[in-house]
């Protein structure tokens, strides 16, 4: 059918179509009024030239020409003549009654585009690039002038798959994997068939669809559940689109199992074991695998492998002629039909041979050079071992070298060393066997040892050089030289002493070799000295150890009691004395200055550095000891040299006219008719001094005014005798009160430093001392007690006053000092958890022999037992009853029966309870966590409130009974009454005295109470406790100087009553 478009700009009446068949004269013309025309009866496959004219009013236009071919007829009888691998041969017949110019062949798979073969003029075509196993659609058609027949011939062609090749079996004992290169083309699945060669009827099949990654270059198919060590035959085919490839045949054998264990039977360094490996093995069960032989290898190509039959019952063999020190890979297989099992491997290294000819080729004091001959065989290095010279904790020192010579340095001179050399072969580095032990991969030879001594050397430095006792003119040194620093025999030690201010002033002292201390004397107090010590041996002196020491300056030695200032003359207001330079020794330092001390009452303290001046004592009726002048030195000449020690200094007391308001010391006038005692004070330094004893009493002359007044007073005294007798008793009371008031005023004006803290009394003088002190209604005892009232009261009690701790105090005025309080272990950082009302207290044996505390409150029982546990105490002394005169004095803080009680986390259980007439002793088992202790409880029960035990000796017996059970090393001891001050202080004082008088000939009650009051407030509360200076016999100690007969018994009773009359 032809169609065209008309020209819209002109008019056409009709159209004329003329067409002519190509290559012939056949032509025809047709007319039509339409713009299309169908031409029938054309020749198939021919080409036509068509011309179209437009006609208007009989006039033709220029023609429009067009060439078009008619569809040719398709070929006939298409057949597949040959199919071979990737080649296909097609054949067909030409069409009848149709023209065409050529044939065209097309082919494709379902998944690929068309492939075209054109320009064919024969009735046959060969397609060579077909893929294995693919299914193709093939078309053949005719073409005429580029126009193909609309009905080509079609044919389906399936190519056979490529056979499997180069199959490689990957086998183990029970599984096998067949692997081959992936065939070209398409494969739907593989078919496998296999059977044991000795059982051909046991055929098994397996179809495996090719689902693997097609990008993989190979195909792997596993086959499982095979028998170990057995021969199998396999057949493999590929299938594609229902067509099978050729069959590939394969025979292989599975690996046999090896279930044997292999042991190396070598015996270390025994003879012959350095070149032989002997091994044994256990059999592999025959029912678990098939195999023929065992195969053994050393892993060395120079060592021939060995084999043993599977049924050989001797399961042991040896490899000889091996290299000492070499590492061998001992490998064992089972073998079936030439196929070996997996290996069983044992790495084993033979011991290397030892060295020979070990000797020292050079020996010095601190180094030795050793040489030896290397062994045959293999080895890695040499290890040399020796012990260090540290005698307390010697260490094994090791040196490793690859050479046959080594120099050891840093040795101790004059010391015996034993050197041991072993040959090492191998290392654990670089191995791939994680389960191989170090001893397998590294072997050592038998050790070879030799001993050598280093040479001597000069001694080393003394390691310790310190003074053990330093006196003003001498010093005692202690030293030690460690054996490691002696470096050989020592001859002696030398100490040189050099005056630091005079390099030429050098002295030398020698001490024997076995000496560890020595004294250097003849030194000058106050000088600086450099002491150097050296050890001396045959090789000379060792290094110096230096110590710089400043010699102390002490107070001058106390002169003899006979050394006192001498009276030269006296007036009513002056006394002239003389004294000599030789009164005081310069052994503790050169005496620099002197001063004069004057006393009207020698019972007052006159041992303080800062003495009252003449102005200070004017307010007192009885002058206190005072210092007359500033320290001076009358024994120095104008050029600073010292006068002769025999030259006397004359000094007149009372020559100055002093202003009472003047500051400093002034030699003011003495009072007429007054008795004075004078002593000389010598200073070696500003704060170091010593006094002579007081001179004999010296009374100034009376003045005329005094004589007249005395006469009048005598007359008045006679007139008032009767009045005095009548009022005697009342006057005594008034006098005592007046003296006490005056004494309090005087003591209040003096600092604590003016109170003499120690007032010892010899036992032989005690009776007289007691009589004097108790005279005038115990006035002097009361006087002593007043001096103690303020002792220690300036010390802080800040922790006791914290709000969290106030409820823990039984009395608001009995608080522990901060510096001596017992501190509990804090609990969970709670404020106040470390507080208890208790202080450490000195005893006869230790400055912390006792812990004095109040009687526990019900709320503080747990803190009390915590203190017992944390102080590691083993004894409690209780001096009060829980209730006295209807008032609670102490809580019942312990169990009264054998039922255990808990106080916090501390368990207390009564074990033994023994009662005596005046006291009881109990034993408690105290436990905390898993630790337990025995604690004794001493309870004195007959001490009445505000009274004295009756008889007083019962307390002495209690103290002695306590000391018989509790040794002097079992401390601290916890002591309490109610407040923890009165009765507790009396008990401690009595315990100290009873121990003290066994070793000394004096007692010092004032000093004991003074020391206790420095540690806890109000220790020993009443005057009568201080008033008593116990006689040794009254305490039952059997000392000397005790009064005899009834006076002795009365003294004992009075002393004990007075001493114990304390309330807590």
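Residue numbers (full-length UniProt numbering): 1 to 1064.
Here a beta-carbon is modelled for each residue, glycine too, at the ideal position from N, C-alpha and C.
When the distance is taken between beta carbons, is residue j closer than 8 Å to residue i?
i	j	result
residue 74	residue 131	no
residue 908	residue 869	no
residue 653	residue 667	yes
residue 31	residue 48	no
residue 18	residue 26	no
residue 7	residue 56	no
residue 565	residue 577	yes
residue 126	residue 87	yes
residue 552	residue 470	yes
residue 103	residue 121	yes
residue 333	residue 295	yes
residue 473	residue 526	no
residue 580	residue 628	no
Measuring alpha carbon to alpha carbon, tell me which of the options ends up nearest residue i.
i	options	result
residue 538	291, 309, 414, 42	414
residue 926	914, 910, 644	910
residue 403	397, 369, 411, 943	369
residue 957	918, 982, 934	918
residue 816	1015, 315, 825, 670	1015
residue 886	89, 660, 944	944
residue 625	610, 795, 634	610
residue 106	93, 371, 148, 491	148
residue 398	376, 421, 405	421
residue 51	2, 179, 928, 229	2
residue 700	786, 573, 419, 782	573
residue 309	631, 283, 502, 287	283
residue 1009	998, 997, 984	984
residue 978	612, 45, 809	809
For the beta strand (DSSP E) containing residue i, name the first residue and the last one.
i	result
residue 385	381-387
residue 42	Careful: residue 42 lies outside any beta strand (DSSP E) and carries neither H nor E.
residue 638	Here residue 638 belongs to no beta strand (DSSP E), and DSSP marks it neither H nor E.
residue 511	502-512
residue 1096	Any answer about residue 1096 is impossible in this case: the structure gives the chain only from 1 up to 1064.
residue 799	No beta strand (DSSP E) holds residue 799; DSSP gives it neither H nor E.
residue 189	189-196
residue 27	27-32
residue 258	No beta strand (DSSP E) contains residue 258, which DSSP labels as neither H nor E.
residue 615	Per DSSP, residue 615 belongs to no beta strand (DSSP E) and is neither H nor E.
Within a Cβ cutoff of 6 Å, which residues of the same chain sit near residue i, ignoring the five residues on either side of it in sequence?
i	result
residue 177	170, 220, 222
residue 20	27, 49
residue 547	465, 531
residue 875	936, 966, 973
residue 365	413, 454, 455, 457
residue 11	56
At what residues does the alpha helix (DSSP H) containing residue i begin and finish?
i	result
residue 64	No alpha helix (DSSP H) holds residue 64; the beta strand (DSSP E) holding it covers 64-69.
residue 868	861-870
residue 960	953-965
residue 1005	1005-1013
residue 982	982-996
Give every residue of the same chain whose Cβ lies closer than 8 Å to the Cβ of residue i, excluding the five residues on either side of it in the sequence, and list them in chain order.
i	result
residue 850	840, 841, 842, 843, 971, 972, 973, 974, 975, 988
residue 932	925, 926
residue 517	468, 476, 477, 478, 479
residue 359	370, 371, 372, 450
residue 1026	Only weak support exists for where residue 1026 lies, its pLDDT of 43 falling under 50; the value from the coordinates is given anyway. Excluding sequence neighbours, residue 1026 sits near 781, 784, 785, 788, 1005, 1006, 1009, 1020.
Name the one or two DSSP bridge partners that residue i has.
i	result
residue 518	477
residue 306	296
residue 914	921
residue 875	936
residue 682	594, 690
residue 497	507, 531
residue 176	171, 223
Keeping to the same chain, check which residues put their C-beta closer than 7 Å to that of residue i; ignore five residues upstream and five downstream.
i	result
residue 798	818
Just to confirm, does residue i get its C-beta within under 7 Å of one of the non-hydrogen atoms of the ligand FMN?
i	result
residue 1012	With respect to the ligand FMN, the structure offers nothing, as it holds no ligand at all.
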